[in-house]
Structure formats: C-alpha cells, structure tokens
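Chains as they are written, first to last, in the working numbering: chain F, 696 to 807; chain D, -15 to 97.
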C-alpha cells in the first residue's frame, strides 16, 4: 500500500521555465518530507526537505510547498536548467517511525 | 571520503543461486539501510540497522537476510534468488537514524534468470 504517490511519471519543461513536481500522501502522521534527485547509474542524493510545522522551504532555485490539509506537497524548480534532468523522488516519514517511504519518482527532462 | 560504496555493480544469477551484496560507509554513520528500486514502485525499504548490532525488517524483507558486520559494513544476502528479486539495490546510511538525510551508494543491478 503506497502511502506516498507521485502521479506524474514524467515531465518535460523548457530551459528557463518553471518545473512543478507534485506528491500526495495518505498518512496524516507523516511530519517530515524530503525530495531526492537521481541521475542514471547513480544513487539518489538529497535535495531539499520540509517539516510539517512549515508550509514552505526554499534553497536557491528549489522551493518545496506543503499543504497539510490536502496532504500534498510540491517542488518548484525556477529556472529549470539542463542539469536538472533527472528522476525526482518524494519521501515522507514520522519521527516515531524513523524510516522513510518513497514515491515512485518523476522523470524530468529539461529541453533547450 | 568515498561515502557509501557497494559491490558488485552488476550481477546475473540463476534462480536458486545465492549471493551477498556488500555495502560500506566511511562517514561514521550509525544507521544503515537496504532498499530496492523497481519501475513504478519507487524505493522500498528491505532491512535497516539503526545502530551496530541491531537490524530490523522494512517493507519487503521476505527472501533476504542482513548482517551488520561492524559500524562500517552492512551486507544483504539472497539465500535462494528468484526472478522477482530482479531489481536495483541501494544501500544508504545516515548519522543517527530517523528522518535526516540519508546518503546513498551507487546501486547494484541484479538480474535473476
């Protein structure tokens, strides 16, 4: 039973435009959310996180928004660059459980 | 620092064969994890070790065993491989366990025929 869902398997965006990646979760106990980025033949690397006490966290070109009432988070990349072409995984967890559940990932392709 | 290393990078097994996937980290992390990645399924936790000497089951532990050999090393064993275990396996580590950043190895691609 997947508790973290990324319903868009792929996203194509032009260089310089905004990329918006979406993630939905079903477990209201989740209180910490992360985004990981993965290039082919490499392991995932941490990108940005947000705790449930916030609704926005920003790091350079990357911003994560959390809507707890809708159990929804999104990752905005502005502006998108060719090096952003990768698979992005959303992950969620609870302090009491101490482990993460991952979504299926969204493949982002940034075109020139 | 090499971070998290995994061996082998790629392996082909026949059904019923056994093998051990090796993982080591040089960041002095307490917690280590084994995940598998399958198309459309994301990363699923197989086993984890919160600290040296402890191991616990994750979401999909059936068909696997693990050993936390010391603080650095965490191995995953397939006793009798099945085609359903064809996957990419990732090892990860984190400083204390819990929700902070996990650092991943490059993965082992396993094909079971």
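Glycine included, C-beta positions come from ideal geometry on N, C-alpha and C.
Counting C-beta pairs closer than 8 Å gives fewer than three between the stretch -12 to 0 of chain D and the stretch 764 to 774 of chain F, which falls short of the contact rule. Looking at the backbone, the Cα of residue 733 of chain F and that of residue 37 of chain D are separated by about 30 Å.
For residue 697 of chain F, no beta strand (DSSP E) segment is defined, and its DSSP state is neither H nor E. Excluding its 5 nearest sequence neighbours in each direction, residue 717 of chain F has C-beta neighbours in its own chain below 6 Å: 769, listed in chain order.
Checking the DSSP bridge columns, you'll see residue 16 of chain D partnered with D/33, D/77. Between the C-alpha atoms of residue 739 of chain F and residue 797 of chain F there is a straight-line separation of about 11 Å. Within chain D, no C-beta atom comes less than 7 Å from the C-beta of residue 757 of chain F; the nearest is roughly 15 Å away. Boundaries for residue 97 of chain D: no beta strand (DSSP E) harbours it, and the DSSP string shows neither H nor E there.
For residue 741 of chain F, the nearest beta carbon of chain D is closer than 8 Å to its own beta carbon. Counted as a single uninterrupted DSSP element, the beta strand (DSSP E) harbouring residue 3 of chain D occupies residues 3 to 9.
One thing to note: residue 779 of chain F has its Cβ within 8 Å of the Cβ of residue 803 of chain F.
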